[in-house]
Amino acid sequence: MTFWSKMKSSLFLLLAATSALADHAAWKHLQKLPVTQTGLQRVELDPALLDASATALGDLRLVNPAGEERPFAILRPQRPPQHVEQAANFTQRLEGTVSRFEFQSAGREALNQVEFGVVEADFIKQATLEGSVDGATWQMLAENALICRRSGFEKVTLRFAESKWTHFRLALDDSRSRPMVMQGATLRGGRDAALELQHTASILGREEKNGATRLRIGLGAANLPLATLRLKSPEGVFERQIRIGSTSTWFFRLQHEGRSVEDLEHMLDQSHPTRELGLIIENGDNPPLKIDGIEITRHVLPLVFQADVAGEWQLFAGNPQASAPSYDLAKMSNQLRSALSTLVKAAAVEPNPAFRAEAALPATGEAGDVRLDTRGWQWRRAITPSEKGPRIFRVVLDDHIQTHASANGSDLRVISGDGVLVRHLMQDKGQKATAKAEFEPYPDEKRLQTSRWRFNLPLAGLPVTALHLETSSTLFERQLRLFEMEEDRRTGRMVERQLGYVFWKSTPDAPVKRMRLEISQRPRGNAIMLETNNGDNPALQLRAAFWEKKAVSLLFEADGSAQPLYLLYGNPNVAAPQYDIQLVRERFEKAAHAGTLLRDVEALTPQKASASTMSGSPWLWAALVLVVGGLLWVVARLLPKVESAS
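FYI, in the working numbering the residues of the sequence shown are 308 to 953.
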């Protein structure tokens, strides 16, 4: 039996083991796959389907026309191992102002690049490389190229057309610098990467902060198998350290005698879980780079399966509670890469008409029937769910809640109309929200060189974390400080309470139009002052300002069509609840969330604890009078009598 016959037999055995009907009401999306013939099929997963997945492709399920779930394998991108060999017979000689090097390969493998072992730490050289397959006939492989090394980065590799080159000649121009010493060369061959496609990316935001440029790059879809990132810049000469997640590299462009050498591409080779990619460019003391755009490539991601019947197959995605399947077929991925298969043209991703939101809810057990004693809570808000039926709902905490609830949210409670506790999870992932800050000039007539502004918080004591400032000034260097005035309890005088400060510098060559001023402690009032000393310079102009706040929300499971729901807060004397659903937090956070609307604030009257039933009893007071009277009589009897003078 041939290899492919054995593999086909294995595939059919696997199919027989996984032919049970499956219910996919918990999957939000599907993609139809028109299979026209039986046999091994291949579909290239498109960004829309990757984005629809809720668990980084772990929730994908394949169903045949009869509704039976079938196994599949996703062929993750692999970079094939390159052929690597050390150059043989490496020689070097000097001819006037040219250094000439000759070396050879074994000649058994196709080669497409050479890396030189240069000893010098700082250099830039013009290079010409020739190659031969027989040692007699020579071809130009790289003409007037540049190799270089600077602190932090280097380019000592030359690429060329792939062939079984056996002999090489390298010439370096030494007319502008001293000759270099090389310790051999490394030859490489073979394909660098799996098939890649251009992917549209856009710059969603740019922030200049602490000598660094921070870019938010929009990918348009999550779970993309990213391949490379390339920076587009019109700058002629620059070198910058780049950070992408936990990796770092150098991007540079150098000019030498009218020629340019650059490296503006970074190999990502990762599946990115979100629709945005963060990139940080370290500028140091240099002005920020001019950036024209970002180019992204992604790997092709095939899904292969064995079709035992032609017809309309379906691929489901979008179930946050689904675990990644463990199919035996996936163990055959290496063989499937080279197997002959039929390409299936998938239809557009569409909503699953059989989807039921309650089917996608996490399993959390019985909710119980625990009632809350609401005495001591100061505020109540009615919650209006946006959808009917059992759902995971999200409540976004607004300014009033964040101001009057405990700092850690320990007093937040969700209850039903009859007072039964609804278990919730608090979500605070460090995300921020911004709101426009109202301000006005507030000059100090005694200090004419000082610019001062008064800001008004929406609520006194609102826990803002930063103030974002925008200016129309172009050339300045200022120290700004933020404070509020409060009464000193000991003296009764108004004193300053410092909230934060920042150093702000902007020049025409390196404009910094926006600045973030971090607020180190929570304000107590609603009048906040910002001040800076202009010295002998024009006054700093503020164009706009924005408050930065935490974006905090609650998640809870409830029936949106059942009795009223309420959010309670404002009780500093209670500890945070200990709900068992913390054990399944990940399931709650992955689930689809329905929105809610918070109604108007209701002020509750805090009830004091009832006093003892004997506290106001007349019998108690009568007993106290008798005891005190008796004690006075005893004391009077014990005191000596005072005789009157005769």
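Just so you know, even glycine gets a beta-carbon here, dropped at the ideal spot from N, CA and C.
Inter-residue CB distance, residue i and residue j (contact presumed, cutoff 8 Å)
i	j	result
residue 758	residue 890	Incorrect: roughly 54 Å between the Cβ atoms, too far for contact.
residue 496	residue 416	5 Å
residue 886	residue 722	So it is not a contact: roughly 13 Å between Cβ atoms.
residue 345	residue 616	6 Å
residue 480	residue 432	6 Å
residue 747	residue 605	50 Å between Cβ atoms; not a contact.
residue 692	residue 901	6 Å
residue 409	residue 476	5 Å
residue 562	residue 591	Not confirmed; about 20 Å, so no contact.
residue 261	residue 352	Residue 261 lies beyond the range of the chain shown here (308 to 953); nothing can be said about it.
residue 851	residue 777	4 Å
residue 603	residue 511	About 13 Å; that fails the 8 Å criterion.
residue 701	residue 862	6 Å
residue 696	residue 664	7 Å
Residue(s) in a DSSP beta bridge with residue i
i	result
residue 419	According to DSSP, residue 419 bridges with nothing at all.
residue 763	745, 834
residue 435	478
residue 780	Answer is none; residue 780 lacks a bridge partner.
residue 866	697
residue 331	BP columns for residue 331 are empty, so no partner.
residue 840	757
residue 380	611
residue 341	619
residue 644	Bridge partners of residue 644: none, in fact.
residue 790	805, 836
residue 824	774
residue 854	742, 774
residue 893	The partner list for residue 893 (beta bridge, DSSP) is empty, contrary to what the question assumes.
residue 652	Looking at the DSSP assignment, residue 652 forms no beta bridge with any residue, so it has no partner.
residue 549	556, 588
residue 403	DSSP, once it has assigned bridges, lists no residue as partnering residue 403.
residue 601	538
residue 596	Its beta-bridge partners do not exist; DSSP assigns none.
residue 570	559
residue 447	437
residue 634	DSSP lists no partner for residue 634.
residue 876	686
Cβ-based burial, residue i [other Cβ within 10 Å; buried from 16]
i	result
residue 453	buried
residue 489	buried
residue 597	exposed
residue 387	exposed
residue 878	buried
residue 575	buried
residue 400	exposed
residue 643	buried
residue 822	buried
residue 957	With the chain covering only 308 through 953, there is no way to say anything about residue 957.
residue 698	buried
residue 779	exposed
residue 921	In this prediction, residue 921 has a pLDDT of 41, which is less than 50 and means its spatial position is unreliable; what the coordinates show is noted afterwards. When all chains shown are included, residue 921 counts as exposed.
residue 709	buried
residue 763	exposed
residue 658	exposed
residue 337	buried
residue 785	buried
residue 935	exposed
residue 613	buried
residue 988	Since the first and last residues shown for the chain are 308 and 953, residue 988 lies out of range.
residue 842	exposed
residue 438	buried
residue 919	Model confidence at residue 919 stands at a pLDDT of 40, short of 50, so the residue's coordinates are unreliable; what they give is reported in the following sentence. It is exposed - the Cβ of residue 919 has fewer than 16 other Cβ atoms within 10 Å.
Hey, is the region 441 to 455 in contact with the region 517 to 526, meaning 3+ C-beta pairs nearer than 8 Å?
-> no
Would you say the region 894 to 908 touches the region 683 to 697, given that touching needs at least three Cβ pairs under 8 Å?
-> yes
Cβ contact (3+ pairs, closer than 8 Å) linking the region 795 to 804 and the region 860 to 872 | no
Taking three-plus beta-carbon pairs below 8 Å as touching, is the region 453 to 467 in contact with the region 564 to 571?
-> yes
May I have a chain-ordered list of the alpha helix (DSSP H) segments no shorter than 4 residues that lie completely inside the region 655 to 743?
-> 706 to 711
If we count Cβ pairs, one from each stretch, closer than 8 Å, do we get three or more for the region 807 to 814 versus the region 746 to 762?
-> no
On the three-pair Cβ rule with 8 Å, is the region 742 to 749 touching the region 724 to 734?
-> no
Hey, is the region 368 to 375 in contact with the region 618 to 625, meaning 3+ C-beta pairs nearer than 8 Å?
-> yes
Where in the region 454 to 542 do unbroken runs of the beta strand (DSSP E), each at least 3 residues long, occur, reported from the N-terminal end onward?
-> 460 to 462, 464 to 470, 474 to 480, 489 to 496, 503 to 506, 509 to 516, 519 to 525, 531 to 539
Looking at C-beta atoms only, is the number of pairs between the region 520 to 531 and the region 584 to 598 that lie closer than 8 Å three or more?
-> yes
Evaluate the contact criterion for the region 818 to 830 versus the region 768 to 781: three or more CB pairs, one atom per stretch, below 8 Å.
-> yes
Would you say the region 374 to 391 touches the region 626 to 643, given that touching needs at least three Cβ pairs under 8 Å?
-> yes
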